[in-house]
Every structure is written in C-alpha cells, then in structure tokens.
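Residue numbers (our numbering): 531 to 713. C-beta atoms are modelled at their ideal positions from N, C-alpha and C, and glycine is treated no differently. Every value quoted in this text rests on a predicted model; they were computed, and no experiment measured them. Working notes, structure below.
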C-alpha cells in the first residue's frame, strides 16, 4: 500500500506534464484550437478555422475535401486554444479522447468540405459527440460560440493577428464613409 501512495504523486506529475501546453511546438493536449482564415476573419473576426488535438497535443483538422491534416493546420499555427477537461468524457475504453479524435478524422477523410455546413467545426463536433464530452450534443454553432467565450489567445501577437486586419478594414470603411458624408 505504501508503494501506491508513493506512486500517486509521480503519476499526478506525469499527467500534469502531459497536459502542459507547448505553443512553440504547437502542442495543445485535450484542446480545441483556432486560427484565422485570411480575408474571412478580417471581415468577421469570430469566424475562423478549428481543429482538435489529441491527448499528446497533436492537432487534427478537416482542412479540405477528403483531407484531415495532422500537425499542420490549413491556415497556419493556432492563435487560440480552449483546453477541455478529460474527466468530462463519458465514452468508455482505454483512451476515449484519442479514439474519438481518430474516428472523427477517419470519417471526415470521406467528406466533401463545405464552408457553411460540413466543415472543420463539424469535424470537431463529431469528435466531441463520439467521446460523449460533457454528455451534451455538439454542433458547429455551439462550438463557435463556446470557443469564442472560453478560448484564450496564445500570445498578444496572436490577438493582434486576429484583430488588426479587422480594425484596419473597419477604420478604412469608416474613413471613406465619413469623408463622403461630410462633403
């Protein structure tokens, strides 16, 4: 029994190390990650590209028709992440998180990509539904809203990468409108 008591802190430390984020290597264990889509995010800063990471932090994202990338997001490195709690997984098995991410990725290798309906958000939603995360039903709209509310920027530079193009475009439009209106 004493051996078990000695192992518990070691096991907790190993688990904590596994859960650590490593933005330099783009490792986000148990996370949903997000990156801007050029032009689209410049116009609508809440719309972007989403992926889901394995328990070791490897990013999987539905990047285009019949293609799910691994460790190379379609629009660049993530700028935001939302780390989820693996204890909220209700699916059974030895590694339900990774199994669900793998099964969703395999399924989406047979899907045509559609910007509005069957897209990267749908791929992430399927993975969460397969693992029965938080015993709720996931869809792309729910993911978009919750990611907007709960995700964190990786750095201040990541925040700027998301918002500066929108602010510059909005400023240019306002300048033109005010200039034409004041004539």
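Exposure label - residue i; buried when at least 16 CB within 10 Å
i: residue 631; result: buried
i: residue 558; result: buried
i: residue 703; result: exposed
i: residue 684; result: buried
i: residue 692; result: buried
i: residue 700; result: exposed
Nearest-angstrom Cβ-Cβ length linking residue i and residue j, presumed shorter than 8 Å
i: residue 591; j: residue 650; result: 6 Å
i: residue 599; j: residue 593; result: 4 Å
Within 9 Å, strictly: CB atoms of residue i and residue j
i: residue 578; j: residue 566; result: yes
i: residue 695; j: residue 584; result: no
i: residue 667; j: residue 610; result: no
i: residue 580; j: residue 627; result: no
i: residue 634; j: residue 656; result: yes
i: residue 638; j: residue 652; result: yes
Same chain, Cβ closer than 6 Å to residue i, neighbours up to 5 away in sequence not counted
i: residue 601; result: 588, 589
i: residue 614; result: 560
Cutoff 8 Å; reference residue i; Cβ partners in own chain excluding five residues on either side
i: residue 648; result: 641, 642
i: residue 562; result: 580, 581, 582, 583, 611, 612, 614, 654, 673, 677, 681
Host beta strand (DSSP E) of residue i (start-end)
i: residue 612; result: 610-613
i: residue 697; result: From DSSP, residue 697 is part of no beta strand (DSSP E) but of the alpha helix (DSSP H) over 686-711.
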